[in-house]
Each structure stands twice: as structure tokens, then as C-alpha cells.
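Inspection log for the structure reproduced underneath, given as C-alpha cells.
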Amino acid sequence: MNRIIPLFLLILFLDGCTPPQAAIPSVEYSDHDISGQQRWSDATRSIVAAARRQLGTPYRYGWMRGYEGFDCSGFVCYVYKEALGKKLPRTARAQSRYVERLPKSELRAGDLLFFDTRYGGNGPVNHCGIYLGNGTFIHASSGKANGVTISPLESGFYKKRFKWGGRVRRYR
Numbered sequence: 038m039n040r041i042i043p044l045f046l047l048i049l050f051l052d053g054c055t056p057p058q059a060a061i062p063s064v065e066y067s068d069h070d071i072s073g074q075q076r077w078s079d080a081t082r083s084i085v086a087a088a089r090r091q092l093g094t095p096y097r098y099g100w101m102r103g104y105e106g107f108d109c110s111g112f113v114c115y116v117y118k119e120a121l122g123k124k125l126p127r128t129a130r131a132q133s134r135y136v137e138r139l140p141k142s143e144l145r146a147g148d149l150l151f152f153d154t155r156y157g158g159n160g161p162v163n164h165c166g167i168y169l170g171n172g173t174f175i176h177a178s179s180g181k182a183n184g185v186t187i188s189p190l191e192s193g194f195y196k197k198r199f200k201w202g203g204r205v206r207r208y209r
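Following the working numbering, the numbering of the sequence shown begins with 38 at its first residue and continues without gaps.
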């Protein structure tokens, strides 16, 4: 019995940043999906390109080592460091404090998105991704897609769990 409790606590701890596996939708992506964006800055192009290069990289909780794997916040950290040389905080919740919150209608490619995947949008931030434009975002998913994937922001799963989006305003 004394061994079961620590094991149970470890499993609960490792559950962070993980939506339920059966509920994760994914979409195919092409260059045409983001063609509606007007006049991307060099920074935006760099962020999107760095993120897209990681498509298919496996999900690994607590990791941010490129081809070896990412969790959601590790993926965002890696992309911003790779694209802009900027270091962001390591957790989704801490990253959420580094953005200027914006209405969905004002989000642009390269902005960060934050979700509560545990409590249906009523709990704290525990998942993040990078907005690509036209209602899609790229993120490291531990669910059915299991890795860096592109998903629709307005899908049933993410629509209900979306907390806010915003533009990075400061760096460590």
C-alpha cells in the first residue's frame, strides 16, 4: 500500500499538459492554410518556419530537445529560441504571463495560445501552442496525434478549453 500512493501521485504529476487521447483532433496542413495572413514580419516567418520544421517530432513530457521530443511548453520555448534567439519561461502557465492578451480576432501567426485541458477551460493554464493563422495552431500533443501537430482552434476539444491568446511582450 505504501508503494501505491507514491506511484499514484507520480502518475497524477506526469499528467500535466496532456489532453485526453481520444478527443484530440488534427488537421492536414499546407502553405495555403496560412495564405490569408498579410505581410508577415521576418520574426513571424521565422517562428512559423521553426515550428513547422518540428512537425511529427514525438511528445515527451518535460522535454525540449528537438528531434528527441517535446512537451507543449518545451516546444514553444524551442521554437522561440530557434527562430528569434529569445528565451521564454519553461512552463505553459509561466509563458501565459509573458503575453499581452488579445481577443481571438486580433491574433496573428506567431502568437501564443493557452488552454486548460484538464478542467474544460475552468482551471489553470496547462497547455500551449503557437497560432498559425486561419484558425489553426501548432503544438506538442500527448493525445492521439502524439507529437508536434497542427490542430483547428475552433474544434470541439480546443474551442471549449481555450483560455486566451496573446503576443509575447517580454523575454527573460
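Quick reminder that beta carbons are idealized off the backbone N, C-alpha and C, glycines included.
> From which residue to which residue does the beta strand (DSSP E) around G170 run?
Replying inline: 164 to 170
> So Y168 and G147 are in contact, right, with Cβ under 8 Å, and what is the actual spacing, rounded?
Replying inline: 7 Å
> Per DSSP, what kind of secondary structure is G251 in: helix, strand or coil?
Replying inline: As shown, the chain starts at 38 and ends at 209. That puts residue 251 outside it, with no answer to give.
> What residue does the alpha helix (DSSP H) around E119 start on, and which one ends it?
Replying inline: DSSP places E119 in the uninterrupted alpha helix (DSSP H) bounded by 109 to 121.
> In angstroms, rounded to a whole number, what distance separates the CA positions of S192 and L125?
Replying inline: 27 Å
>> For a test of the three-state rule: what should DSSP assign to Y96, helix, strand or coil?
In response: strand
> Given that a residue counts as buried once 16 or more other Cβ atoms are within 10 Å of its Cβ, and exposed if not, what is G99?
Replying inline: exposed
>> Run through the DSSP bridge pairs and tell me what T173 is partnered with.
In response: Note: T173 sits in a beta bridge opposite G170, P189.
> Would you call the stretch 77 to 93 and the stretch 143 to 157 touching, i.e. three or more CB-CB distances under 8 Å?
Replying inline: yes
> What number of angstroms, rounded off, separates the C-alpha of Q132 from the C-alpha of G202?
Replying inline: 11 Å
>> Here's the rule: buried if 16 or more other CB atoms are within 10 angstroms of the residue's CB, otherwise exposed. What is Q58?
In response: Annotation note: pLDDT 36 at Q58 (below 50); position unreliable, coordinate value reported separately. Answer is exposed; the Cβ neighbour count stays below 16.
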